[in-house]
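As structure tokens, the structure follows; a few thoughts come after it.
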Amino acid sequence: MSETVLSVRDLSTSFFTPRGEVQAVRGVSFDVRPGEILGLVGESGSGKSITCMSVLRLLKAGGRIKSGTATFEGQDLLSLDEDALSDLRGNRIGVIFQDPMTALNPTITVGEQVIETILRHRRASRAEARARAIELFELVRIPSAATRLKSYPHEFSGGMRQRVMIAIALACDPQLLIADEPTTALDVTIQRQILALLKDLQQRLAMSVILITHDLGVIAETADRVLVLYGGLIMETAPVRDLFARPAHPYTLGLLGAVPDLRDDTHRRLTPIPGSPPDMAAPPPGCPFAPRCPHAMRQCLDALPPLFGTAHQSRCWLHHPEAPKVAGLNEVAA
Amino acid sequence: MLGYLAQRLGMMAVTLFAIVTLTFFLMHAVPGGPFVSERMLAPEIAAALNAKYGLDLPVWQQYLNYLGRIASFDLGPSFKYPGVSINSMIAAGLPTTLRTGLLAVICVVALGVPLGIVAALNRNRWPDTFVMFVATLGVAIPSYVIATVTLYLFALRLGWVPTFGLDDWRGYFLPVFALSGFWISFVARLTRSSLLETLQQDYMTTARAKGLRPGQVLFKHGLRNSLLPVVTVLGPVVANLVTGSFVIEQIFALPGIGRQFVLSITNRDYTAIMGITIFYAAILMVMILIVDLLYVWLDPRIKLTKATA
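Protein chains in written order, with numbering that gives the first Met the number 0: chain Y, 0 to 333; chain D, 0 to 308.
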């Protein structure tokens with residue numbers, strides 16, 4: 000088995016809108032390793048979903064991949080012809096979307112929505128596909144699986160619908176599962192169940208998972224490694240423990256400062272990050288976080304910093320050998 | 000399901016009764032009558048005619064008599080054409096109207112929906128622009144203009160089709176086209192906008208993310224969900240087309256009921272007005288019922304339930 004399941008290099012994606020080009024993703028590179036859960040975290044508009052939808056070439060109207068490669072099982076997904084790519088989608092790569100209320104077709108039974116996926120990718124009879132669908136429903140713990148196949152999405156709760164989505168995504172034993180905010184639209188208690196289920200399935204089926212979320216709590220609980228995205232760029236990447244124990248980028252630090260800590264009884268106020276994300280139709284020439292950064296220097300506004308470090312990387316001029324030392328900010332291992 | 004149907008049919012009877020009552024009194028509220036014309040009849044003759052058809056009775060009495068008659072599905076004799084009953088008048092005109100009407104319905108579905116799909120799939124490219132241009136013309140140009148222009152061009156100048164009548168199968172082309180032109184355009188526009196909206200839905204992305212082929216994505220996941228508004232308008236459209244059009248039947252000299260309906264009004268042929276109104280209302284209500292039943296088949300989220308008062 001190769002070192003990486005998916006290898007994305009220098010991916011740039013833009014949306015062409017009436018008010019100009021919006022640069023949603025600006026040169027993102029990362030690897031997904033076998034059997035790991037890679038967390039992509041960032042606020043709305045940071046480019047995390049667009050990155051993954053670009054890899055699958057499922058962008059909405061107006062979106063265009065400008066450059067980059069995404070190597071999966073020896074093939075570049077970005078230059079593959081549409082037919083060959085659709086052979087991989089739903090087969091070798093499964094996808095779960097954010098809102099299970101809208102991601103399932105309301106007029107087709109959930110069973111059929113699973114079965115059609117199996118029939119598309121496997122040489123199986125209808126009866127075999129149906130048996131497999133029941134197996135999948137049991138795998139994602141939908142009670143009385145055989146009878147629920149005949150139900151329509153509106154007859155399920157949100158959590159159950161997301162289980163159906165997961166069953167569809169896992170229908171053909173994918174090597175890679177992309178979960179785009181799989182718990183954002185769900186109640187908190189259901190969120191935990193779905194995350195536990197995902198983590199359990201990932202271990203049992205030895206899949207790699209890309210987990211997209213804006214919730215650092217979800218990341219802390221589930222991910223093995225994390226990419227922090229901001230303004231269409233990777234700002235920091237680290238193993239999950241490192242990220243929480245020794246955050247190296249001021250943006251990550253800001254995100255952590257905005258998370259409530261229930262064990263803390265000093266009544267510390269949450270610190271929001273002042274300002275708002277950059278306008279990606281006219282991204283700043285320097286670090287996109289500089290206008291909101293408490294440590295911003297002149298340099299930050301003019302020039303985009305590279306990623307410093309190796310296993311733990313951070314895109315901040317403060318990690319430059321000649322930069323002043325800032326308290327509270329951790330160094331990246333050189 | 001049966002309970003629902005029974006309730007719907009009951010409601011239809013009530014609606015029909017209201018239509019009958021309203022039309023009857025409105026019709027009688029208009030001055031004049033079947034035997035009033037520029038050429039004055041001798042008073043004795045007029046009185047005799049009125050007595051023969053019961054028009055000398057008070058209006059409420061006439062109303063009750065009429066109700067009694069239609070309760071036994073007898074729409075009465077024509078006041079204008081002696082010896083002709085309204086039932087036989089409808090029976091004579093209906094086959095012609097029905098044939099052209101149903102052909103027009105088939106054209107609306109078979110051309111309108113595919114044109115809308117082609118336009119939506121090629122949004123803002125030339126096929127879309129072309130279809131929308133033609134569809135805008137189709138909606139804007141009145142049917143009698145289409146009828147006369149095509150008549151002049153294809154029947155008179157080119158001689159491809161007969162100028163009137165349906166004895167030759169080629170005679171159907173122009174009336175059916177004139178009848179359906181507007182609705183083909185209308186349905187094409189509606190299908191396009193509805194499909195464009197459906198294509199934006201999350202479940203369409205899901206369908207592609209599952210690796211389904213483009214045809215499966217479009218026909219299995221897209222079309223069914225975008226046909227709901229189309230089916231909604233199709234009900235009244237069918238009712239409209241199968242009950243004929245005065246203009247088209249006049250221009251192509253077709254012996255249909257659409258022409259009878261309009262003539263009956265100018266003739267003040269009371270029973271004909273009532274009869275054809277009842278006939279049209281009944282067909283419309285049946286079509287709407289069929290549409291409601293189709294909804295359930297198209298969208299499982301819609302359930303037929305009896306109204307609870």
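Here a beta-carbon is modelled for each residue, glycine too, at the ideal position from N, C-alpha and C.
Just verifying my parser: in three-state terms, what is the DSSP assignment at residue 343 of chain Y? Past the boundaries of the shown model lies residue 343 of chain Y; chain Y is included only from 0 to 333, so the question cannot be answered.
Taking only runs of the alpha helix (DSSP H) that begin and end inside the segment 200–280 of chain D, which ones reach a length of at least 4 residues, in chain order? Listed in chain order, they are 201–208, 227–241, 245–250, 256–265.
By DSSP's criteria, residue 235 of chain Y is part of a beta bridge. Which residues make up the other side? Y/227, Y/313
Taking a Cβ distance cut-off of 9 Å, strictly less, list which residues of the segment 205–220 of chain D are near chain Y, in chain order. 205, 206, 207, 208, 209, 210, 211, 212, 213, 215, 219, 220
Residues bridged to residue 258 of chain Y by DSSP? Note: residue 258 of chain Y sits in no beta bridge, so no partner.
C-beta atoms of residue 27 of chain Y and residue 280 of chain Y nearer than 8 Å: no
Between residue 42 of chain D and the ligand ATP, is there a pair consisting of the residue's CB and a ligand heavy atom that are separated by less than 7 Å? The ligand content of the structure shown is nil, which means the ligand ATP is not present either.
6 Å CB neighbourhood of residue 249 of chain Y in its chain, flanking five on each side removed: 292, 294
Are at least three pairs of beta-carbons, each pair with one atom in the segment 241–260 of chain Y and one in the segment 208–225 of chain Y, less than 8 Å apart? yes
Put residue 303 of chain D into one of helix, strand or coil per three-state DSSP. coil
Give the residues from the segment 288–307 of chain D that approach chain Y closer than 8 Å (Cβ to any Cβ), ordered along the chain. 297, 298, 299, 300
The beta strand (DSSP E) with residue 24 of chain Y in it runs from where to where? 19–31
Cutting at 6 Å between CB atoms, please list the residues of its own chain near residue 287 of chain D, excluding the five before and the five after it. 234
Since residue 223 of chain D meets chain Y, which of its residues come closer than 9 Å, beta carbon to beta carbon? 104, 106, 107
Closer than 8 Å, CB to CB, is residue 55 of chain Y near chain D or not? yes
For residue 70 of chain Y, which option in Y/94, Y/32, Y/96 has the closest C-alpha, if you only look at C-alpha atoms? Cα-wise, what sits closest to residue 70 of chain Y is Y/32.
Mind checking the segment 109–128 of chain D against chain Y and listing, in chain order, the residues whose C-beta falls within less than 7 Å of any C-beta there? Answer set for the segment 109–128 of chain D: empty.
Say whether chain D places a C-beta atom closer than 8 Å to the C-beta of residue 86 of chain Y. Yes - at least one Cβ of chain D is within 8 Å of the one on residue 86 of chain Y.
Put residue 155 of chain Y into one of helix, strand or coil per three-state DSSP. Residue state, collapsed to three classes: coil.
Determine whether the beta carbon atoms of residue 226 of chain D and residue 297 of chain D lie at a separation below 8 Å. yes
Since I believe residue 4 of chain Y is in contact with residue 174 of chain Y (beta carbons under 8 Å), could you give me their beta-carbon distance rounded to a whole number of angstroms? 6 Å
DSSP beta-bridge partners for residue 179 of chain Y? Y/211
Span separating the alpha-carbon of residue 324 of chain Y from that of residue 308 of chain Y: 16 Å
Report the option in D/179, D/173, D/284 whose CA atom is closest to the CA atom of residue 18 of chain D. Comparing Cα-Cα distances from residue 18 of chain D to each of D/179, D/173, D/284, the minimum goes to D/284.
Quick one: using the 10 Å Cβ neighbour count with 16 as the cut-off for buried, is residue 23 of chain D buried or exposed? Of the other Cβ atoms in all chains shown, 16 or more fall within 10 Å of the Cβ of residue 23 of chain D; this residue is therefore buried.
Outcome for residue 85 of chain Y when other beta-carbon atoms lying within 10 angstroms are tallied against a minimum of 16: buried
For chain D, is any of its Cβ atoms less than 8 Å away from the one on residue 98 of chain Y? yes
Within its chain, find whatever has a CB closer than 7 Å to the CB of residue 9 of chain Y; leave out the 5 residues flanking it on each side and keep chain order. If you ignore the 5 residues before and after residue 9 of chain Y, its C-beta comes within less than 7 Å of the C-beta of 26, 28, 66, 67, all in its own chain and listed in chain order.
Mind reading off the beta-carbon distance from residue 177 of chain Y to residue 51 of chain Y? Whole number of angstroms is fine, and I expect it under 8 Å. 5 Å
List, in order along the chain, the chain Y residues whose C-beta lies closer than 8 Å to that of residue 202 of chain D? 101, 102, 103, 104, 105
Can at least three beta-carbon pairs, one atom from the segment 85–105 of chain D and one from the segment 251–259 of chain D, be found at a separation below 8 Å? yes
So with CB distances below 7 Å, who are the chain D contacts of residue 167 of chain Y? 209
Comparing C-alpha positions only, which one of Y/147, Y/134, Y/127, Y/216 sits nearest to residue 255 of chain Y? Y/216
Taking the C-alpha atoms as reference points, what is the distance between residue 155 of chain D and residue 149 of chain D? 9 Å
Where does residue 63 of chain D fall in DSSP's three states? When secondary structure is reduced to three states using DSSP, residue 63 of chain D falls in the helix class.
Buried or exposed for residue 308 of chain D, please, with buried defined as at least 16 other CB atoms from any protein chain shown within 10 angstroms of its CB. Here residue 308 of chain D scores only 47 on pLDDT, less than 50, and its place in the model is too uncertain to base an answer on.
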